[in-house]
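A short worksheet on the structure shown next.
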Amino acid sequence: MTTNRPLLLKLLFLAVSLTPTLTLLTWDGAWVWPLFGEFELLFQLEPLAAFFLLLLALGAPLVALPMARGTPDVPTYALFVLLLLGMQVLLLAGDFIGLFIGWEIMTWSSYLLLIRSTRATLEGAQTYILFNLASAFLLLAGLLVFYSATGDFQIAALTEASTAQRWAVFVLLGLAFLVKVGVLPLHRWIPLGYDQAPDLFSAVLAGLISKMGVYGLLLLPTLFPDALAGLAGRWLNGPTAGYGLAWIGAITAIVATFKAISQQDIKRLLAYSSIAQLGYVLTALGVGSSLAVGGAILQTLVHTLVKLLLFITFAGIILQTGQRRFNDLGHLIDRMPVAFFAVLIGIIGLAGMPPLPGFAAKYLVFVGLIDARWLLLLAAMMLSSTAAFIYCYRLIYGPFLGHANSPEARDATEAPMSYLIPQIVLMGLLVLLGIFPGWAIEIIVDPVLTALNLAPIGAPSWGELATPYGGYDGVILMTVFGSAFVIVTALFWLARGQLRRAGSPYDLSFAGEVPTADMPLHYGAGMGRELRRIPLIGWILAHTTTGIQAGLTRQTLATAGLLGGLYRRDPQTWILLAVLVLASVPTLLLLNGGNS
Amino acid sequence: MEFSASPIWFIALPMLAAFSSPLWVRWRVLDQLLLGIPLGLLLLALGLFATVQQAPLIETIVIAPPLGIHLHLDSAALLLVALFCFAVTLVAAFLWHGATETHLRGRQPFVLILLLLAGGNGLVLTGDLFNLYVFLEIAGISAYVLTAVRDDRPALAAGLKYLIIGSVAGVFFLLAVVLIYLQTGQLNMAAVAQAFAEIPPAMQGLIAVLALIGLGIKSELFPFNFWVPDVYRGSDPAITALFSGLLVKAFLFVLVHLAVLIWIDPEIARIWLMTLGALTLMVAELAALRQDEMRRMLAYSSLGQIGLILLAFGFLHESTAAGAFFHLISHTLAKLLLFLVAALLLRRVLSLHLDALTGAGRVYPLTVGLFVVGALCILGLPPLSGFMSKLWILQGFAAAQTFWPIALILVAALIEAGYYFRWIRVLYAPAAASAVTDSKTSKTAPESWATYAPLLLLVGLMLLLGIAPFVIEGALVDAARALLDRDLLIQSVLGVAAQ
Amino acid sequence: MLHILLDSLAMIALCYVMGFLFRGFYRQFNARLQRRWGPSIWQNFYDNLKFLLKSETLIHGPMFFFGPIIIAAGAITTVLFIPFLKDSIWLQGVSAHGNLILIIYLLVVGPLGNALAVGSSGNPFGVMGVTRGLTRLMGLEVPFFLGLALVMLQHETASVQAIMAAQDSIAHWNLITNPLAFAVILLPFIASQNGSPFDVVGAPVEVYAGPRVEFGGRLLGVLMTQNMMMTVAKLVLMVDLFLGGASNIFELIAKAFALFLLTTAISATFPRLKTEQTVDFFWTVPLGVAVLGVILNVWLI
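Protein chains in written order, with the working numbering: chain A, 266 to 861; chain B, 1481 to 1979; chain C, 890 to 1190.
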């Protein structure tokens, strides 16, 4: 019996991780829970929330599976369950109080999970929780303003409020959600948090928790109908308020991409790439047309799958090698082929290359931007998405190609099955969505668009992505590419001649010399360094917000020290103070005429 | 009036029990009584809610007019009395099963804790200014001695400081009472309330300032609360739990009660109370940021919450006042939990200093886990009761379109998060400091479940009130109404409406 | 089905033939400018055949082998998604199922597949070349795509066929109606063809032999084949977009050759830029012109 207890615990944990799926499949109708006064919590499953619940339903079991490996860690399991509970409350909530409750449960349980990592520093943990709580309190402030305008906490259009109130709600809620998606310069918690969190939990942070910020941002069009256009009119072919948001997203994407390129740590790179990817989402949401929002939703889905895949894969690599920096790994392709393919698929998705669905999402966003005639934003998006190729290449080159740069990397073996299964599932999902973009549009994106009062995009067939600007067929694309690949390979094999594998990794064309083992042949660490010579990139990489945060912390602590000093005196001082107050107040009152 | 329904029991029973303690020592029932008496009173209080909702219970024992004992049990007072009885019950339960320290066992703490309860109950029940002073001194003196009960250097120093500053506060308050009596010839609060308007304005101001300073010192408001961290640090955590959970709340209630009752112009009272509350909140939260000793940190946090409660009360608005009552309850729950956790930790480690506790969470998972729950409740994070009470306060402000307190409360909460999460992070730091593992652990047997039972009960209550706040909604709204409705109070005592 | 197969084969063959002839012409043209005789116009064909028929090929692991194959498959896919002729059922490939943005991304498949193979070889100089290539790509894509976006905005479609169909007479050529877009695109286009002055990526003097340093034998042959095909594919795309497309093969060859002559002339005139100079140049001059174009096209009209 005692020997079975860990197994039972794990099974229980895995079962609980399936609850989002269960909720998604079975929840119907509304459930009301009274609080106090006229306030009550309303739980119902809206199509928008259902989409995010779908992400949760996909992600939770896939992360739970590798988490359940090894000796059961009961606190981690319990906190993970709480986290899932919080996120489900958040998504099911039909009113802002429920949303906030879920939001906060998610925040603190994720924090407690984060500090279970042995790598979490005080700075990282504090940054994580303070940014997230600041976000939560901004949300609370926003919803209190909302309440003061409407007398109600129900999530509904804010129609009868004054302009000042509308802007206050927009700015407060917007800021709250922007902190969560990690928009610059409010992003500092993301690289620290994603880097220091337990490796598997980073997948949850990047794949699922950050998406709740996107959910919040998608609520804004619900509050301000007509895609924010009611707030401040229109600019060119889109809403003016959205234009601001879109630029915030684009600049975030650009800066974060360059920051990602310059990282030496895999998880930090992935963190910055998350910021950049969600920057695209923000840009698309700013456009607010059905094409762009459809792209944003698809991008959210793809980013979730990709980041789950990449973080789980790299968690496996870190588990097997103990190394997490680019120059400490290398040449794992022979030893960890599944991980190699996972990362390959992951970076193709991340870079938005055809035929994976990342391209479909980008295509929609690009077309949306052209449709809105916001071409400068298009250029900005293009800049960050091509620059993303460089960090994508680092992700695959650093760990998998080149030369093994540490003893661990030299004798690593493939990660355990519990890591491989999620990788394979996620790879399969990505490829499927890539072949059938029309299916993704029809089944996943269109219901959300309809719920947001936008025209559905529709798809003539499962394989086809169609827009007024033309489209493409995923099945044909995949068929053509696949056949070409097979035919070229076949021709190559059929032709006369033989292939010979190089005798040693040092058998290279090396400027006439023969390299030896002690030569630094792995280019992983230095890659992208030369980018600093480009003036714009050099300027971006030379500036950080660390100083501002540190300065703020220092000032607060100095104030705290000053005030704390008041509390260390002797009783005489306290009494003197009381008497002084006694003497001064009536004097003041008398001076004022004593008519109080 | 039925025998069981008299408010006098809330004061008389603990006092009687305290004064006949030699008997209980002989019969060896000290622990049982320390638990049983407040528990009985708690049940009595719970039973009275329905009655009091109809009309306040009034008990007058005339000694020599205008002197006499006048007790006034309305919804607000009942809520607090129930809370105080609960707090003492809980601490008693904790001491009975857990306390190994000799100074917390036996006659002395028995007498003092019960006197503290009697004093606290008296403070909120009394309808007479002189009685108020008497109860203030009863509660005060028992608190001074309780502070010093451990009988070592820091405890004695803290007790002495407490004694000095407490006496000064008493003097200030007494002066105010004397002045009122000289000016109006009345000591009954309702009568004073009616007559106060006729006093010359300058004298009104002087009386108000005297009372404010006296009660301000006692209820730990900003410019008068410099003694608090020292006292909280010096006394035993289980006792501090009572100070933070019971005593301050009683004084705070008295302050707000008097302000509402006596001050005719609510605008001025509002400005004074809210300013004091806001100042206390911000200063205390900021000062707490750099505290490296758990009890001092909790003391500052307690000050901050008191400021928040006063801010909400001071708005003199039914909705925020109900929220303030709620917050008062959830703060008591959380601070009881936190101080009792500190007491538990102190049994195993030598110091509650931040450095000494590094990594304690990995050695004592349950204890530190409870600390986390308490901290989350104080921070107002759902699903704990602290969230609901803060939400109630905040929505009250929002409904009244007053936004500066909301901003202030949220900023303060963020600062508070800054230090609580710093503690949590250090408690769960990867490497356990040698102080944690080496110190007393080897000597101390693991705590039994009975020790944790009161703490778990607190957690359960926090969860209950956080998820289902409607269970006490009626009591809170009634209490807020009773506190703020000046006319009703005067009418119920004197039978006439105020002018 | 058979039609598509034949059509595809025809497109690939046409691309290949045009590719080695154009490249051969380029070599001779350059040589004459430099007062040399230069190789025969068929030289590229001979070289390519020689590589493809090598008996032995050295590889550095499976990815090193599959990289060139991916590039070749990518090149073929790209070619098939570009319509070569308008108003014709021939030389269309599967272009009805694609669009301009897809083609732009397919053009990138080649460099990325190459990057994988080079990384797999373990030669740091090769990887250095790849990084330079990706950096240049980052520089050139921004103005390139913005110029294309101006065209897409003008015609309100991303379909190459539709854009081609809209240019029914020389007055409606996008070269005439949207000259700014053409001006923006021209230099990034040269860079994407790996033409001078933006050819630092494979430059033997700066980086020891560049990204292709490790390839030899039949793999190098495959790379060369796809390179020639891609050269033509990009030219045809530009013809489709700016020169009104072509109704028959001869028109197509003539237009493509004219464009090729223009780019060759530019390439032969200017000295090579460093990587960071390239990027900085693209982000100032062509991008500046593109922003001007955006302001004129979008904000003022």
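For every residue, glycine included, the Cβ atom is placed at its ideal position computed from N, Cα and C.
Asked, Found
"Cα-Cα separation, residue 1482 of chain B to residue 1693 of chain B", "Confidence at residue 1482 of chain B is low in this model, with a pLDDT of 47, below 50, so the placement of that residue is unreliable and no value is reported for it."
"Reference residue 475 of chain A; option with closest CA among A:348, A:770 and A:344", "A:348"
"8 Å Cβ cut-off: residues of chain B touching residue 395 of chain A", "1894, 1897, 1898 and 1901"
"Closer than 7 Å at the beta carbon, the chain C residues around residue 722 of chain A", "In chain order: nothing, as chain C lies at least about 14 Å away."
"8 Å Cβ cutoff, residue 821 of chain A in contact with chain B", "yes"
"Nearest-angstrom Cα separation, counted from residue 741 of chain A out to residue 886 of chain C", "This structure leaves residue 886 of chain C out entirely; chain C is present only between 890 and 1190."
"Beta strand (DSSP E) segment containing residue 461 of chain A, residue limits", "Note, residue 461 of chain A: premise wrong, no beta strand (DSSP E); alpha helix (DSSP H) at 454 to 461."
"C-beta contact flag for residue 701 of chain A and residue 739 of chain A at 8 Å", "yes"
"Proximal residues of chain A, C-beta to C-beta of residue 1729 of chain B below 7 Å", "Residues of chain A passing the Cβ test: none, with the nearest at roughly 21 Å."
"Coil, strand or helix - residue 955 of chain C by DSSP", "helix"
"Chain C contact for residue 619 of chain A (CB, 8 Å cutoff)", "yes"
"Residue from A:653, A:309 and A:744 with nearest C-alpha to residue 983 of chain C", "A:744"
"Collapsed DSSP secondary structure at residue 770 of chain A in the structure displayed", "coil"
"Residues, ordered as in the chain, of the stretch 969 to 992 of chain C that lie near chain A by beta-carbon distance below 7 Å", "969, 983, 986, 987, 988, 990 and 991"
"Partner residues on chain A for residue 1047 of chain C, Cβ-Cβ distance less than 7 Å", "632, 734 and 735"
"Chain-ordered residues of the stretch 1024 to 1052 of chain C with a beta carbon less than 9 Å from chain A", "1024, 1026, 1027, 1028, 1029, 1030, 1031, 1032, 1033, 1034, 1035, 1038, 1039, 1041, 1042, 1045, 1046, 1047, 1048, 1049, 1050 and 1051"
"Check whether residue 583 of chain A and residue 589 of chain A have beta carbons under 8 Å apart", "yes"
"Extent of the continuous beta strand (DSSP E) to which residue 305 of chain A belongs", "305 to 308"
"Residue range of the unbroken beta strand (DSSP E) whose run includes residue 946 of chain C", "945 to 948"
"Chain-ordered chain C contacts of residue 668 of chain A [CB-CB under 8 Å]", "1011"
"Boundaries (first-last residue) of the beta strand (DSSP E) holding residue 297 of chain A", "296 to 299"
"Same chain, Cβ closer than 7 Å to residue 990 of chain C, five either side skipped, listed in chain order", "1047"
"Residue 1769 of chain B: contacting residues in chain A (beta-carbon distance under 7 Å)", "821, 822 and 825"
"Partner residues on chain A for residue 905 of chain C, Cβ-Cβ distance less than 8 Å", "Correct list: empty, because the minimum Cβ distance to chain A is about 13 Å."
"Contact under 8 Å by Cβ, residue 1813 of chain B with residue 1941 of chain B", "yes"
"CA-to-CA distance, residue 828 of chain A to residue 1555 of chain B, given in whole angstroms", "38 Å"
"8 Å Cβ cutoff met for residue 456 of chain A and residue 536 of chain A", "yes"
"Option nearest residue 832 of chain A by Cα separation, candidates B:1822, B:1532, B:1760 and B:1835", "B:1760"
"Same chain, Cβ closer than 6 Å to residue 685 of chain A, neighbours up to 5 away in sequence not counted", "603"
"Bridge partner(s) assigned by DSSP for residue 1773 of chain B", "B:1833"
"Buried/exposed call for residue 1067 of chain C, threshold 16 Cβ in 10 Å", "buried"
"Of the listed residues B:1654, B:1662 and B:1868, nearest to residue 1807 of chain B (C-alpha basis)", "B:1868"
"8 Å Cβ cutoff, residue 1174 of chain C in contact with chain A", "no"
"Every unbroken alpha helix (DSSP H) within the stretch 614 to 675 of chain A, with a cutoff of 4 residues, ordered by chain", "622 to 636, 640 to 665 and 672 to 675"
"C-beta neighbour in chain A for residue 950 of chain C, strict 8 Å", "yes"
"Three CB pairs or more closer than 8 Å across the stretch 1101 to 1118 of chain C and the stretch 1052 to 1067 of chain C", "no"
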